[in-house]
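> This is the structure I have questions about; it appears just below.
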Amino acid sequence: MKESAFDLAEHNADSSQNIAAQDVDQDSIDFGYRTVQRSEKAGLVRGVFNSVAGRYDLMNDLMSGGVHRLWKAAMIDWMAPQPHQTLIDLAGGTGDISMRFLSNGGGIACITDINHAMLQVGRGRRDLERMAGQISWCVANAETLPFDSQIADFVTIAFGLRNITDRQAALSEAYRILKPGGRFLCLEFSHVQNRPLARLYHGWSFKVLPVMGQVIAGDADSYRYLAESIRTFPTKEVLADMFAQAGFAHIRVRSLSAGIACIHSGWKLD
Ligand code: SAM
33 MKESAFDLAE HNADSSQNIA AQDVDQDSID FGYRTVQRSE KAGLVRGVFN
83 SVAGRYDLMN DLMSGGVHRL WKAAMIDWMA PQPHQTLIDL AGGTGDISMR
133 FLSNGGGIAC ITDINHAMLQ VGRGRRDLER MAGQISWCVA NAETLPFDSQ
183 IADFVTIAFG LRNITDRQAA LSEAYRILKP GGRFLCLEFS HVQNRPLARL
233 YHGWSFKVLP VMGQVIAGDA DSYRYLAESI RTFPTKEVLA DMFAQAGFAH
283 IRVRSLSAGI ACIHSGWKLD
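Quick note: the sequence shown uses our numbering, first residue 33, plus one each step.
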């Protein structure tokens, strides 16, 4: 039975345990530059975020020089949340998007993620304490959400879609749980068009990030995966097509920092 995302209750069922069993087809998929069985990817991604969870927020600040904060602020700005509005944040990790949604006027937020360790780190965040009454936490796979249809004003996903095995299924689920008139926004890394900048960015991603990952989080491989998964992620045009395929209308795309990241926005009309 589906549950309300906003009952502010604990969700203890760890649906991540069921992922391998659900993906029974033998098709292959990217895991960074590796090609793996579709049934393997969720477990590999889980390994990445189990490994880095404790240092995830610190690494975000260090590796982006704090710029991820500006990108997230840009998404919230575009949303312009109101006190009567509800958000379900997919792949919400440690809760950054919900924290910003609520501190910028949003009403209630449900932070969902497949990874229990990431949510646990979020629950320990001091800056979320004063908003605790407006937040619920839920372990959930974005591909098969445990919620009723048409319950949220906003659905968001930030730097999560890249990691998901069946991305089209996640977009369809976002569409399903939105109320008519609701809006879905995806903040994700994209592809730099400017050649010299792209070369610099490539060098930073593949030479510097894994070293930082090793020194700060004790894990070079997870940050190598990050760099690779950015390169293999669809272009902004392809992602916009995927939005349309899921049913979204009025699709708009904003490029950030010369295309390093992009925000895609789409509306559910009815
Ligand atoms: N949204 C947060 C942020 O912007 O800081 C966290 C982003 S983090 C890079 C990616 C998150 O996606 C991880 O917490 C990971 O556990 C989650 N994730 C990966 N696959 C998922 C899936 N199938 N369903 C839900 N969450 C998933």
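By construction, the Cβ of each residue, glycine as well, lies at the ideal position given by its N, Cα and C atoms.
Small disclaimer: the values here were computed from a predicted structure and weren't measured.
#1: Going by alpha carbons, who is nearest to phenylalanine 265 out of Phe221, Thr176, Gly75 and Asp185?
#2: The ligand SAM heavy atoms versus the CB of phenylalanine 238: any closer than 8 Å?
#3: I need the straight-line Cα distance from leucine 258 to glycine 64, nearest angstrom please.
#4: In three-state DSSP terms, what is phenylalanine 265?
#5: Name the one or two DSSP bridge partners that glutamine 182 has.
#6: Measuring only from the beta carbon, is histidine 100 closer than 8 Å to any heavy atom that is part of the ligand SAM?
#7: Using 8 Å as the cut-off, classify the Cβ of valine 264 as near or not near the heavy atoms of the ligand SAM, replying yes or no.
#8: Taking the runs of the alpha helix (DSSP H) that are 4 residues or longer, which of them lie wholly in the region 69 to 135?
#9: Can you tell me the Cβ-Cβ gap for aspartate 121 and alanine 141, rounded? I've got them flagged as a contact below 8 Å.
#10: Quick check: what's the CA-CA separation for aspartate 198 versus alanine 123?
#11: Grouping DSSP H, G and I as helix and E and B as strand, with all else coil, what is aspartate 59?
#12: I'd like to confirm something about phenylalanine 81: is its beta-carbon nearer than 8 Å to some heavy atom of the ligand SAM, or not?
#13: Assuming glycine 214 and aspartate 185 make a contact with CB atoms under 8 Å, what is their CB distance in whole Å?
#14: Tell me whether tyrosine 255 counts as near the ligand SAM, meaning its Cβ is closer than 8 Å to at least one heavy atom of that ligand.
#15: Cβ-heavy atom distance between glutamate 260 and the ligand SAM below 8 Å?
#16: Note down the Cα distance separating serine 297 from aspartate 128, rounded to an integer number of angstroms.
#17: Check whether the Cβ atoms of methionine 131 and methionine 163 lie closer than 9 Å to each other.
#18: Quick check on this structure: which residue in Val285, Ser60, Pro212 and Asp145 has the alpha carbon closest to the alpha carbon of leucine 219?
#19: Compute every distance between the C-beta of alanine 202 and the non-hydrogen atoms of the ligand SAM, then say whether any falls below 8 Å.
#20: Closer than 8 Å: is that where the CB of phenylalanine 191 sits relative to any heavy atom of the ligand SAM?
#21: Which of the three DSSP states, helix, strand or coil, is assigned to glycine 139?
#22: Helix, strand or coil, according to DSSP, for aspartate 159 in the structure here?
#23: With 16 other CB atoms within 10 Å as the buried threshold, where does isoleucine 292 fall?
#24: Taking only heavy atoms of the ligand SAM into account, decide whether any of them is closer than 8 Å to the Cβ of tyrosine 207.
#25: Return the residue from the list Arg70, Arg157 and Leu210 that minimises the CA-CA distance to glycine 86.
#26: Figure out for me which residue from Trp169, Val270, Pro212 and Gly75 has the closest Cα to the Cα of glycine 125.
Based on what the coordinates show:
#1: Here residue 265 is taken as the residue at index 233 of the sequence shown, counted from 1. Looking at the Cα atoms, Phe221 is the closest of the given residues.
#2: Here residue 238 corresponds to residue number 206 of the sequence shown, with the count starting at 1. No, the beta carbon of phenylalanine 238 sits no closer than 8 Å to any heavy atom of the ligand SAM.
#3: As a working mapping, residue 258 is identified with position 226 in the sequence shown. As a working mapping, residue 64 is identified with position 32 in the sequence shown. Answer to the nearest angstrom: the Cα atoms are 7 Å apart.
#4: Position 233 of the sequence shown holds residue 265. In the three-state scheme derived from DSSP, where H, G and I count as helix and E and B as strand, phenylalanine 265 is classed as coil.
#5: Along the sequence shown, one-based indexing puts residue 182 at 150. BP columns for glutamine 182 are empty, so no partner.
#6: Numbered from 1 along the sequence shown, position 68 holds the residue referred to as residue 100. Yes, the ligand SAM has a heavy atom inside 8 Å of this Cβ.
#7: Here the question's residue 264 lines up with position 232 in the sequence shown. Reading off the sequence shown, one finds threonine at residue 264, where the question assumed valine. No.
#8: 70 to 84, 88 to 96, 99 to 111 and 128 to 135
#9: In the sequence shown, counting from the first residue as 1, residue 121 sits at position 89. In the sequence shown, counting from the first residue as 1, residue 141 sits at position 109. Yes, aspartate 121 and alanine 141 are in contact; Cβ-Cβ is about 6 Å, under 8 Å.
#10: The residue labelled residue 198 in the question sits at position 166 within the sequence shown. The residue labelled residue 123 in the question sits at position 91 within the sequence shown. Taking the straight line joining both Cα atoms gives about 13 Å.
#11: As a first step, residue 59 is located in the sequence shown; it is residue number 27 there, counting from the start. Coil.
#12: Mapped onto the sequence shown, residue 81 falls at position 49. Phenylalanine 81 Cβ: within cutoff of the ligand SAM.
#13: On the sequence shown, position 182 is the one that residue 214 refers to. On the sequence shown, position 153 is the one that residue 185 refers to. In this structure glycine 214 touches aspartate 185 by the C-beta definition: roughly 5 Å separates them, less than 8 Å.
#14: Working through the sequence shown from its first residue, we reach residue 255 at position 223. Incorrect: tyrosine 255 has no Cβ contact closer than 8 Å to the ligand SAM.
#15: Looking up residue 260 in the sequence shown gives position 228. For the ligand SAM, not one heavy atom lies less than 8 Å from the Cβ of glutamate 260.
#16: Locating residue 297 in the sequence shown gives position 265, where the first residue counts as 1. Locating residue 128 in the sequence shown gives position 96, where the first residue counts as 1. So the two alpha carbons sit approximately 18 Å from each other.
#17: Taking the sequence shown and counting its residues from 1, the one referred to as residue 131 is at position 99. Taking the sequence shown and counting its residues from 1, the one referred to as residue 163 is at position 131. Contact flag set, yes.
#18: Along the sequence shown, one-based indexing puts residue 219 at 187. It is Val285 whose Cα lies nearest to the Cα of leucine 219.
#19: Taking the first residue of the sequence shown as 1, we reach residue 202 at position 170. Yes - the ligand SAM has a heavy atom lying nearer than 8 Å to the Cβ of alanine 202.
#20: As a first step, residue 191 is located in the sequence shown; it is residue number 159 there, counting from the start. Result yes, Cβ under 8 Å from the ligand SAM.
#21: Translated into positions along the sequence shown, residue 139 becomes position 107. It is coil, neither helix nor strand.
#22: As a working mapping, residue 159 is identified with position 127 in the sequence shown. In the structure shown, aspartate 159 sits in a helix (DSSP, three-state: H, G or I).
#23: Position 260 of the sequence shown, counting from 1, holds the residue named residue 292. Classified as buried, isoleucine 292 has 16 or more neighbouring CB atoms from the shown chains inside 10 Å of its CB.
#24: Position 175 of the sequence shown, counted from the start, is the residue given in the question as residue 207. No, the beta carbon of tyrosine 207 sits no closer than 8 Å to any heavy atom of the ligand SAM.
#25: In the sequence shown, counting from the first residue as 1, residue 86 sits at position 54. For the set Arg70, Arg157 and Leu210, the Cα lying nearest the Cα of glycine 86 is the one of Arg157.
#26: Counting from one through the sequence shown, the residue named residue 125 turns up at place 93. Checking every option, the nearest Cα to that of glycine 125 belongs to Trp169.
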